[in-house]
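S.K.: Below you'll find the structure I mean.
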Amino acid sequence: MASLAPKYTDLVPFSARRIFSRPHNIPANTPLKDDHLMGPAMEGRRQPPWGGKPQSSRTLPAQPITGPTTEPASQPTKKRKLHDDGHLSDTDGLDIVRDLQAQRSICIDTHEMRIKALEEEIWSLKMSHNLEVGALRDDIDNERHQHDNDNAQYRLQQIKDHSDFEQRIQRKLTKARGEHEANTKSSIEEREGALADIVLLRGQVHQLNHQLLASEKKYNDLCGDHLALQAKRGVVADKDNSAGASHIPNPIDRPSSKRDHPTPGSEKASKEHNDVPKIESKWRHHTAKMQHEHGNGKVKPSRYQSDAAWDLGLCYAHHMTDSKCPHGEGCEWQHDVLTESIRKYIRKIGGNEFLAKSDKLNFHKKLGI
């Protein structure tokens, strides 16, 4: 801030500047004292020539602080006397010094008041700034607390919704588990009942097989007796010309070295045999075109005690394994259920074991066992 006090060179004449100039050994920022302001002639003298107190202890006349002025505060008490060598008298120099000190005091007081006013203004601004900052901090804290409260409420609601959802899922799972257990228990009971029925049916089938064998044996015996009687009486008629009512089939003999079916490899005998069911002859010469897990995928006729002359073309995976055929309905071999006439002929030629195994596997596949 620029000083408003009058300059020293404006108040002191040029002729007095040399006497009251700042000594060369005193720094520029050091205040001047009375002994500093005395000229060379006054060096060593502590009291002014007119007597009284030293200059440093003399008080300045009080003046109102009305701001800086460019006019001298007071006039010298004596007229200025210019010596022959061009210097002013000591009295005139002290008056000028007093005027300068008064101006200096006024400037210092003015600056101190200005500094104090600025400090008060700065303090007021700081206080207002602190109040504004405090208000902003309070607003931020309130917003943060509100945000935390909202987040807490939202989380609590989410936890509650999740808990309700878990309870609903748990109730549904409990209900489904109960239904599944009930269905499983019912399925187990049904399965056990079906297995019991199977055992019972197997027993009945075994009993019927024994009855069938006994009936066949009795039938063969009757046929043999009938043929013997016809031979004795000489009444042997041609079978092709005989009536249907009087036709009596040949007796079925079961020696250990013969079977009552065509001779292996004899297609003519197979066609001429009266008990052979009629089937398509394509299976005899059919060649597998698909990829199968078990050879060519066909059940060999020897499995059901037959030969190539009477080939049923049965699928091996369907009739002889516990798994389903990978080709399904598109398989090139037969998946159809055997007719009663074919089953009867297979039993007649000794294929009971094949029929029992095929029926068991197909029954298990239907039940999904």
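Numbering (full-length UniProt numbering) for the sequence shown: 1 to 369.
The beta carbon of each residue, even a glycine, is placed where N, CA and C say it ideally should be.
State the start and end residues of the unbroken alpha helix (DSSP H) segment that holds ARG303.
M.R.: Counting along the chain, ARG303 falls outside any alpha helix (DSSP H), and DSSP gives it neither H nor E.
S.K.: Return the residue from the list VAL205, PRO301, LEU355 and MET320 that minimises the CA-CA distance to LEU312.
M.R.: Checked all of VAL205, PRO301, LEU355 and MET320; the closest Cα to LEU312 is PRO301.
S.K.: Give me the Cα-Cα distance between LYS348 and SER306, rounded to the nearest whole angstrom.
M.R.: Spanning the two alpha carbons is a distance of roughly 11 Å.
S.K.: Using only CA atoms, which one of LEU173, GLY330 and VAL337 lies nearest to LYS289?
M.R.: Per the Cα distances, GLY330.
S.K.: Can the beta-carbon of HIS286 be found closer than 8 Å to that of TYR316?
M.R.: The answer is no: Cβ separation not under 8 Å.
S.K.: Report buried or exposed for LYS324, applying the criterion of at least 16 other Cβ atoms within 10 angstroms of its Cβ.
M.R.: Label assigned to LYS324: exposed.
S.K.: What does the Cβ neighbour count give for GLN103, buried or exposed, with the cut at 16 atoms within 10 Å?
M.R.: Buried, by the Cβ-count rule.
S.K.: My assumption, with CB atoms under 8 Å, is that TYR304 sits in contact with PHE354. Please give the rounded CB distance.
M.R.: Contact holds; Cβ gap of about 4 Å.
S.K.: Is the Cβ-Cβ distance between PRO277 and SER341 less than 8 Å?
M.R.: Yes, Cβ-Cβ distance for PRO277 and SER341 is below 8 Å.
S.K.: Would you call the CB atoms of ALA194 and LEU367 closer than 8 Å?
M.R.: Cβ distance < 8 Å, so ALA194 and LEU367 count as in contact.
S.K.: Could you tell me which residues DSSP pairs with LYS170 in its beta bridges?
M.R.: Before going on, a small fix: residue 170 reads as Gln here, not Lys. In the DSSP output, where bridge partners are listed per residue, GLN170 has none listed.
S.K.: Can you give me the start and stop residues for the alpha helix (DSSP H) that MET320 sits inside?
M.R.: Where MET320 is concerned, the enclosing alpha helix (DSSP H) stretches over 316-320.
S.K.: For HIS319 and VAL299, which I take to be in contact (beta-carbon distance under 8 Å), what is that distance rounded to the nearest angstrom?
M.R.: With 8 Å as the limit, HIS319 and VAL299 qualify as a contact, their Cβ atoms being about 6 Å apart.
S.K.: Under 6 Å Cβ to Cβ from residue 381, same chain only, skipping five residues before and after it: list those, please.
M.R.: As shown, the chain starts at 1 and ends at 369. That puts residue 381 outside it, with no answer to give.
S.K.: Sort ASP138, LYS344, ASN296 and ILE346 by Cα distance to GLU332 and report the nearest one.
M.R.: The candidate whose alpha carbon is nearest that of GLU332 is ASN296.
S.K.: Count the other CB atoms within 10 Å of the CB of TYR154; is the residue buried (16 or more) or exposed (fewer)?
M.R.: Exposed, by the Cβ-count rule.
S.K.: What is the DSSP secondary structure of GLN291, counted as helix, strand or coil?
M.R.: Here GLN291 sits in coil by DSSP.
S.K.: Apart from the five residues just before and just after ASP359, which ones in its own chain have a Cβ nearer than 8 Å to its Cβ?
M.R.: Result list for ASP359: empty, nothing under 8 Å.
S.K.: Rounded to the nearest angstrom, what separates GLN207 and GLU192 at their Cα positions?
M.R.: Answer to the nearest angstrom: the Cα atoms are 22 Å apart.
S.K.: Tell me, which residues are paired with GLN334 by DSSP?
M.R.: Answer is LEU314, bridged to GLN334.
S.K.: Am I right that ASN352 and ASN183 are in contact with their C-beta atoms under 8 Å? What's the rounded C-beta distance?
M.R.: Their Cβ separation, rounded to whole angstroms, is 38 Å, which puts ASN352 and ASN183 out of contact at 8 Å.
S.K.: Where does VAL337 land, buried or exposed, given buried means 16+ other C-beta within 10 angstroms?
M.R.: Exposed, because fewer than 16 other Cβ atoms sit within 10 Å of the Cβ of VAL337.
S.K.: By the 10 Å Cβ neighbour count, where 16 or more other Cβ atoms means buried, how is LEU94 classified, buried or exposed?
M.R.: By the 10 Å Cβ count, LEU94 comes out buried.
S.K.: Report the CB separation of ARG343 from ALA308 in whole angstroms; it is logged as a contact under 8 Å.
M.R.: With a Cβ gap of about 20 Å, ARG343 and ALA308 do not count as contacting.
S.K.: Is DSSP giving GLY350 helix, strand or coil here?
M.R.: Three-state DSSP puts GLY350 in coil, outside helix and strand.
S.K.: Alpha helix (DSSP H) containing HIS285: first to last residue?
M.R.: Its alpha helix (DSSP H) spans residues 282-285.
S.K.: Answer with buried or exposed for LEU100, where buried requires no fewer than 16 other C-beta atoms within 10 angstroms of its C-beta.
M.R.: Buried.
S.K.: Quick check: the Cα distance between ILE188 and GLU181, rounded to an integer number of angstroms?
M.R.: Cα to Cα, the separation comes out at about 10 Å.
S.K.: Rounding to the nearest angstrom, what Cα-Cα distance links ILE96 and CYS107 in this structure?
M.R.: Their backbone Cα atoms lie some 16 Å apart in a straight line.
S.K.: Just the Cα atoms here: how many angstroms apart are GLU272 and TYR345?
M.R.: Summary for GLU272: the model assigns pLDDT 44, below 50, so the residue's position carries little reliability, and this model does not support an answer.
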